Every structure is written in C-alpha cells, then in structure tokens.
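Data block below; observations after.
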Amino acid sequence: MNTTFKTVSSSHITISELMLPSHTNFSGKIHGGYILSLMDQIAFACASKFCGNYCVTASVDTVNFLMPIEVGELVSMKASVNYVGRTSMIVGIRVEAENIQTGVIKHCNSSYFTMVSKDNEGKTSLVPGLILTSLKEVTRFQNCLRQIEMKKAKEDQKNVATFSSIDSILNSKKYNIKVELH
Ligand SMILES: CC(C)(COP(=O)(O)OP(=O)(O)OC[C@H]1O[C@@H](n2cnc3c(N)ncnc32)[C@H](O)[C@@H]1OP(=O)(O)O)[C@@H](O)C(=O)NCCC(=O)NCCS
92 MNTTFKTVSS
102 SHITISELML
112 PSHTNFSGKI
122 HGGYILSLMD
132 QIAFACASKF
142 CGNYCVTASV
152 DTVNFLMPIE
162 VGELVSMKAS
172 VNYVGRTSMI
182 VGIRVEAENI
192 QTGVIKHCNS
202 SYFTMVSKDN
212 EGKTSLVPGL
222 ILTSLKEVTR
232 FQNCLRQIEM
242 KKAKEDQKNV
252 ATFSSIDSIL
262 NSKKYNIKVE
272 LH
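Each number in the working numbering comes from the position in the sequence shown (counting from 1) with 91 added on.
Below, the structure written as structure tokens:
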C-alpha cells in the first residue's frame with residue numbers, strides 16, 4: 092500500500108513551443124496529430140513526476156479541437172493530476188495558443204489522459220494519494236468521478252447490443268451506409 096500523499100500542485104507541468112512550418116497539414120494549420128503527441132508527452136511527464144514511476148497511457152478522453160493553431164503561434168500546455176485511483180491517474184491538460192505579435196491567447200482544447208504507473212518490472216504500481224487544497228481541485232476530482240461513471244455506463248450499454256438493434260441498423264435507410272456483407 093502506498094501511504095504517501097501529494098498535492099495537486101506538485102504535479103503541475105507547463106510546456107511552451109513555437110509552432111514551426113514543418114508541423115503543418117495541407118491547409119497550412121498545425122497538424123492535430125502533432126498537438127496530440129505533445130499532449131501525450133506532457134501527460135506522461137506530469138503523471139510520472141507525480142507518482143515517481145514511468146507511466147503508460149491507458150486512455151485518452153475526447154479531444155475537441157476548438158480552434159485551429161497557426162504557424163508562428165506559441166502553444167502552451169498546462170497539465171495537472173486531477174484524480175488518482177489505485178494505480179491510475181487522470182491528467183487534465185489545457186492547450187492555449189498565443190499570437191506573439193498581438194498577445195491574443197486562444198483556448199484550443201482541454202483533454203484528459205488516464206495514465207497508469209508501472210514499476211521497473213513493468214507491473215502496475217500503486218500511486219500516492221492526492222491532497223486537494225482548493226474547491227477547484229475538489230470540483231475537478233468530482234468531474235473525473237463523473238467521467239469514470241459515465242464511461243462505465245457506456246461500456247455496459249455496449250454489452251447489451253442485441254441482434255434486433257443490429258437488424259434495425261441493417262434495415263434502416265437513415266444512415267449513410269451500404270451494407271455488403273461477405
Ligand atoms: C493500461 C494497462 C497498464 C492496464 O493494465 P491492466 O492489466 O488492465 O491493469 P488493471 O486492470 O489492474 O488496471 C490498472 C489501472 O488502469 C486503469 N485502466 C485500465 N484500462 C483503462 C482504460 N482503458 N481507461 C482508463 N483506465 C484504465 C484501471 O481502472 C486501473 O486503475 P486503478 O488501479 O486506479 O483502479 C495495460 O493495458 C497496458 O499496459 N496497456 C498499454 C499501454 C501503452 O502501451 N500505452 C501506450 C500506447 S502506444
């Protein structure tokens with residue numbers, strides 16, 4: 092059992108990077124995959140620093156790209172551990188992009204990565220408890236609990252898909268599909 096407790100603030104990590112033309116997609120905006128890769132790196136750093144072990148990414152919550160990111164903008168990512176379970180942690184990440192000439196900052200996305208602590212033998216290992224020191228931190232923790240419950244409910248729903256519901260998809264004209272089963 093891990094009897095250590097650590098504050099949310101001890102997990103805080105920020106990275107900033109100027110966006111280069113080499114990271115653009117065909118429409119000249121920064122590639123979403125590049126941003127996802129940076130987010131995975133900061134989640135890894137944040138969770139590993141918090142638990143004192145190297146972590147793996149277990150899952151990534153929905154990432155909505157709210158605004159495109161342009162070449163030359165300064166992207167900053169802030170991460171913190173918002174929730175801990177036994178061996179897992181949920182890291183919240185906020186991504187902002189700043190136009191360095193005008194100083195205008197836009198919120199580009201927020202997402203949640205579930206990271207699992209692994210020991211040197213590659214086995215999952217217990218993480219420290221979380222000390223919540225403000226109402227904001229309590230609310231974030233509560234939101235994670237809600238997300239975990241919603242995810243569980245969604246998984247349970249998936250398991251009750253019946254033949255009749257598959258049938259209704261095959262026979263429905265409302266989807267943009269053509270069924271050609273072999
Ligand atoms: C994630 C992984 C460690 C889970 O291993 P496991 O044997 O299923 O371990 P457990 O069932 O004991 O789960 C460990 C923890 O991970 C959590 N977890 C496992 N899968 C999860 C998922 N898909 N989403 C969220 N949390 C998950 C469990 O809830 C548990 O949390 P807790 O200990 O805080 O209660 C394992 O599946 C793995 O190593 N996956 C590959 C990770 C990886 O390589 N990532 C990079 C992708 S290239």
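Glycine is no exception: its CB is placed at the ideal position from the N, C-alpha and C atoms. Treat the numbers as computed from the prediction; the structure is a model and nothing was measured.
Reduced DSSP category for residue i - H, G, I as helix; E, B as strand; rest coil
{"i": "K214", "result": "coil"}
{"i": "L127", "result": "helix"}
{"i": "L226", "result": "helix"}
{"i": "L157", "result": "coil"}
{"i": "L111", "result": "coil"}
{"i": "F141", "result": "helix"}
{"i": "S256", "result": "helix"}
{"i": "S263", "result": "coil"}
{"i": "N173", "result": "strand"}
{"i": "L221", "result": "strand"}
{"i": "I295", "result": "In the structure as shown, the chain starts at 92 and stops at 273, and residue 295 therefore has no counterpart that could be examined."}
{"i": "F204", "result": "strand"}
{"i": "V147", "result": "strand"}
{"i": "I268", "result": "coil"}
{"i": "E164", "result": "coil"}
Nonlocal neighbours in the same chain, by C-beta distance under 7 Å from residue i, ignoring five residues either side
{"i": "L217", "result": "M92, N93, R177 and T178"}
{"i": "E228", "result": "V99"}
{"i": "K142", "result": "Position check: residue 142 holds Cys in this sequence, whereas Lys was assumed. The residues are M180, S208, V218 and P219."}
{"i": "N144", "result": "S208, K209, D210 and S216"}
Candidates the options, of which the one nearest residue i by Cα
{"i": "V166", "options": "S208, F204, K140 and G123", "result": "G123"}
{"i": "R231", "options": "N250, G119 and V182", "result": "V182"}
{"i": "N155", "options": "T205, I126 and S171", "result": "I126"}
{"i": "S139", "options": "N200, F204, E164 and S113", "result": "F204"}
Cα-Cα separation, residue i to residue j
{"i": "T224", "j": "V99", "result": "8 Å"}
{"i": "L226", "j": "S118", "result": "42 Å"}
{"i": "M158", "j": "Q192", "result": "18 Å"}
{"i": "F135", "j": "L111", "result": "23 Å"}
{"i": "H198", "j": "N262", "result": "43 Å"}
{"i": "Q248", "j": "C235", "result": "20 Å"}
{"i": "I239", "j": "S256", "result": "26 Å"}
{"i": "S259", "j": "N250", "result": "17 Å"}
{"i": "K214", "j": "Q132", "result": "21 Å"}
{"i": "F96", "j": "A170", "result": "19 Å"}
{"i": "S201", "j": "Y174", "result": "15 Å"}
{"i": "S113", "j": "H273", "result": "43 Å"}
{"i": "K264", "j": "E212", "result": "53 Å"}
Inter-residue CB distance, residue i and residue j (contact presumed, cutoff 8 Å)
{"i": "M168", "j": "L129", "result": "6 Å"}
{"i": "K120", "j": "I184", "result": "Contact doesn't hold; Cβ gap of about 20 Å is too wide."}
{"i": "M206", "j": "T153", "result": "Not confirmed; about 17 Å, so no contact."}
{"i": "I104", "j": "C137", "result": "5 Å"}
{"i": "F102", "j": "V172", "result": "A quick correction: the sequence has Ser, not Phe, at residue 102. Confirmed, Cβ separation roughly 4 Å."}
Spatial neighbours of residue i in its chain, beta-carbon cut-off 6 Å, leaving aside the 5 residues before and after
{"i": "I196", "result": "E187 and E189"}
{"i": "I106", "result": "I133 and M168"}
Sequence-distant residues of its chain with Cβ nearer than 8 Å to residue i (five each side left out)
{"i": "T115", "result": "I121, H122 and V162"}
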